[in-house]
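Engineer:
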């Protein structure tokens with residue numbers, strides 16, 4: 007999680023500093039205690055760079071320093087450690103070290119040389135730079151993050167106050183460095199921040215302020231399913247109090263929408279529409295996305311909500327208008343179709359139509375039939391959306407339906423030199439559903455595949471049984487040009503047709519989706535540009551009782 011690795015290393019450096027500071031107080035000769043102090047500098051010199059790296063990582067500002075700059079941070083610490091190791095030869099760190107008294111274990115007073123002040127100044131510069139990053143975060147971001155950054159700042163300030171007191175010679179005991187004592191208090195405060203304020207949970211301090219102003223709702227859940235961030239728009243959409251503290255948002259969400267939370271609690275990724283019955287009727291488009299770290303580990307989930315209430319109302323008005331037009335068109339089409347049949351019937355006096363006239367009437371009849379089929383599709387989709395179209399469930403053999411659908415496409419496939427492959431085994435368990443509806447689904451998907459596969463290509467119908475789910479998975483694969491990624495999420499909506507080579511009324515795939523969902527299954531697309539398309543849908547299988 008952001009900043010955790012640098013924070014761990016920072017605390018290891020502090021442990022070295024504190025432990026060696028304690029060991030330096032043991033009753034021993036001065037040379038031994040000075041040797042321990044030299045090891046203490048391994049921790050002291052590491053604290054500054056690690057503090058800055060931690061602050062950069064925690065506030066997501068790591069891009070400010072490149073790899074070379076990060077390595078350069080360690081130049082002065084390395085030089086300092088080398089000078090400490092050979093201090094007896096130059097005295098740049100400690101020109102002189104004396105004991106306060108002759109009492110064993112009494113504090114040592116270290117006289118500070120020129121390089122000591124260079125190292126100390128460098129340490130404070132890094133401390134200041136990291137603290138500025140946290141102060142900026144404290145000022146700019148929401149309340150929960152202000153508390154997190156405040157905990158870090160307070161925890162960091164205590165040992166450095168002790169260090170300043172020591173450097174100014176104001177320690178209550180002469181020569182006593184209060185910095186390690188400060189680190190003890192600092193560790194207790196930051197530990198409280200980690201466990202109480204979830205210091206290293208998914209939401210780092212440096213989330214952009216624009217999230218607060220977005221017109222879309224955003225909720226972030228950690229790996230345990232707890233809400234760690236929610237913006238005002240999401241609270242508005244879900245009818246949650248705006249002033250509600252973050253730690254109470256999850257409980258409020260469960261109380262307000264228990265069914266919604268339960269249904270999508272463990273869903274890692276989905277895009278769907280939900281309807282909320284609150285003080286204001288609201289339709290939302292919800293997209294759930296898994297969040298992962300750099301190693302692919304699961305961090306949590308991001309939920310994005312978009313208000314589509316106005317869009318749904320417009321769709322309802324469009325549907326009403328469409329149904330009205332469709333109903334009004336059926337009678338004129340019936341009259342036109344009957345009239346065309348009469349015209350094609352030979353008259354009693356033996357007069358017949360010329361070949362050209364007969365072709366014109368044939369074209370007219372075909373187009374009238376296409377319009378009639380389109381009207382039927384619109385009415386069927388409308389009835390399925392309203393739940394008024396019966397689904398007659400009964401066991402059926404999917405292999406027979408696949409054979410029938412392929413036979414209907416054979417003439418067009420032959421004209422394009424396409425190879426149709428029926429890979430549906432007759433040993434496949436029977437599916438449970440309305441065979442007539444599923445036959446239409448197969449015909450629509452195969453018609454698309456044959457129509458939009460270039461000459462010489464291949465179209466396959468595959469099916470497999472998943473015993474764990476008691477379902478059959480059906481695949482219609484082609485070797486066509488594929489479907490653009492940006493179009494795929496909308497392709498199963500009404501009146502949405504493909505671009506380039508894929509075009510049509512935009513109703514066939516909408517019908518397929520509704521028919522499959524009416525059976526309790528799901529349908530989706532797997533496709534990339536210039537790599538073919540695979541339509542996949544699932545159907546319930548007949549569950550056979552053991553003999």
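Residue numbers (my numbering): 7 to 553. Yeah, the Cβ is synthetic: ideal placement off N, Cα and C, and Gly gets one too.
Could you check where the alpha helix (DSSP H) with residue 39 kicks off and where it finishes?
Structural biologist: Its alpha helix (DSSP H) spans residues 36-64.
Engineer: Out of 415, 461, 469, 400, point me to the one whose CA is closest to residue 442's CA.
Structural biologist: If we check each option's Cα against that of residue 442, 400 comes out closest.
Engineer: Between 480, 54, 398, which has its C-alpha nearest residue 15's C-alpha?
Structural biologist: When each option's Cα is compared against that of residue 15, the closest is 54.
Engineer: Do residue 513 and residue 331 have their beta-carbon atoms positioned less than 8 Å apart in this structure?
Structural biologist: No, these two residues do not count as a Cβ contact at 8 Å.
Engineer: Answer with buried or exposed for residue 544, where buried requires no fewer than 16 other C-beta atoms within 10 angstroms of its C-beta.
Structural biologist: Result: buried.
Engineer: Whole angstroms is fine: what's the gap from residue 532's alpha carbon to residue 481's?
Structural biologist: Roughly 10 Å between the two C-alpha positions.
Engineer: Hey, could you find the ends of the beta strand (DSSP E) residue 539 is sitting in?
Structural biologist: Taken as a continuous stretch (DSSP letters only), the beta strand (DSSP E) holding residue 539 covers 539-546.
Engineer: Alpha helix (DSSP H) containing residue 427: first to last residue?
Structural biologist: Careful: residue 427 lies outside any alpha helix (DSSP H), inside the beta strand (DSSP E) at 425-429.
Engineer: Please report how far the alpha carbon of residue 255 lies from the alpha carbon of residue 103, in whole angstroms.
Structural biologist: Distance between the alpha carbons of residue 255 and residue 103: 58 Å.
Engineer: Here's the rule I'm using: 16 or more other beta-carbon atoms within 10 Å means buried, otherwise exposed. How should residue 509 be labelled?
Structural biologist: The predicted position of residue 509 is uncertain, since its pLDDT is 46 and thus under 50; no value can be drawn from it.
Engineer: Just checking my contact of residue 406 with residue 434 at CB under 8 Å: how many whole Å lie between their CB atoms?
Structural biologist: Not quite, the Cβ-Cβ distance comes to about 11 Å (not below 8 Å), so this is no contact.
Engineer: Decide yes or no for the touch test of the segment 417-427 against the segment 459-466: beta carbon pairs closer than 8 Å, at least 3 of them.
Structural biologist: As far as the Cβ criterion goes, the segment 417-427 touches the segment 459-466, which means the pair count is three or higher.
Engineer: If you measure between the beta carbons of residue 229 and residue 306, is that distance less than 8 Å?
Structural biologist: Taking 8 Å as the Cβ cut-off, residue 229 and residue 306 qualify as a contacting pair.
Engineer: Apart from the five residues just before and just after residue 476, which ones in its own chain have a Cβ nearer than 8 Å to its Cβ?
Structural biologist: Only 546, 547, 549 meet the Cβ criterion.
Engineer: With DSSP run on the structure shown, which of helix, strand or coil describes residue 469?
Structural biologist: Residue 469 falls in the strand class under three-state DSSP.
Engineer: So residue 490 and residue 454 are supposed to be a Cβ contact under 8 Å. How far apart are they, rounded?
Structural biologist: Not quite, the Cβ-Cβ distance comes to about 15 Å (not below 8 Å), so this is no contact.
Engineer: Would residue 347 pass as a contact of residue 314 if the rule is Cβ separation under 8 Å?
Structural biologist: Going by C-beta atoms, residue 347 is not nearer than 8 Å to residue 314.
Engineer: Are the beta-carbon atoms belonging to residue 397 and residue 258 less than 8 Å from one another?
Structural biologist: Not closer than 8 Å, so no.
Engineer: What runs of the alpha helix (DSSP H), each 4 residues or longer, lie entirely inside the segment 225-305?
Structural biologist: Entirely contained in the segment 225-305, the alpha helix (DSSP H) runs reaching 4 residues are, in chain order, 238-243, 255-262, 264-270.
Engineer: Quick check on residue 534: does DSSP put it in helix, strand or coil?
Structural biologist: Three-state result, residue 534: coil.
Engineer: Buried or exposed for residue 517, going by 16 or more other Cβ atoms inside 10 Å?
Structural biologist: So residue 517 counts as buried.
Engineer: On the three-state DSSP scale, how would you describe residue 395?
Structural biologist: Residue 395 falls in the coil class under three-state DSSP.
Engineer: Under a three-way DSSP split, which group does residue 199 fall into?
Structural biologist: Correct three-state label for residue 199: helix.
Engineer: Closest to residue 267 by C-alpha separation, out of 249, 286, 233, would be which residue?
Structural biologist: Comparing Cα-Cα distances from residue 267 to each of 249, 286, 233, the minimum goes to 233.
Engineer: Does the distance from the C-beta atom of residue 57 to that of residue 132 stay below 8 Å?
Structural biologist: For residue 57 and residue 132, yes; Cβs fall inside 8 Å.
Engineer: Grab the span of the alpha helix (DSSP H) containing residue 21 for me, first residue to last.
Structural biologist: Unbroken alpha helix (DSSP H) run through residue 21: 10-29.
Engineer: Quick one: is residue 210 buried, meaning 16 or more other Cβ sit within 10 Å of its Cβ, or exposed?
Structural biologist: Note on residue 210: pLDDT 49, under 50, position unreliable in the model; no value is reported.
Engineer: Within the same chain, show all residues whose beta-carbon is closer than 8 Å to that of residue 183, passing over the 5 residues directly before and after it, in chain order.
Structural biologist: Closer than 8 Å at the Cβ level, and outside the excluded window around residue 183, lie 27, 168, 169, 172, 177.
Engineer: Compute the distance between the beta-carbons of residue 316 and residue 285, then report whether it is under 8 Å.
Structural biologist: No, the pair does not count as a contact, with Cβ atoms beyond the cut-off.
Engineer: Would residue 189 and residue 51 qualify as a contact pair, given that the criterion is a beta-carbon distance under 8 Å?
Structural biologist: Contact flag unset, no.
Engineer: Terminal residues of the continuous alpha helix (DSSP H) containing residue 90?
Structural biologist: From DSSP, the alpha helix (DSSP H) with residue 90 extends over 81-91.
Engineer: By the 10 Å Cβ neighbour count, where 16 or more other Cβ atoms means buried, how is residue 322 classified, buried or exposed?
Structural biologist: Its Cβ having fewer than 16 others within 10 Å, residue 322 is exposed.
Engineer: Is the beta carbon of residue 226 closer than 8 Å to that of residue 308?
Structural biologist: Yes, these two residues count as a Cβ contact at 8 Å.
Engineer: Name the one or two DSSP bridge partners that residue 483 has.
Structural biologist: 466, 540.
Engineer: Give every residue of the same chain whose Cβ lies closer than 7 Å to the Cβ of residue 13, excluding the five residues on either side of it in the sequence, and list them in chain order.
Structural biologist: The answer, listed in chain order, is 60.
Engineer: For the beta strand (DSSP E) holding residue 549, just list the boundary residues, first then last.
Structural biologist: Neither: residue 549 is in no beta strand (DSSP E) and is coded neither H nor E.
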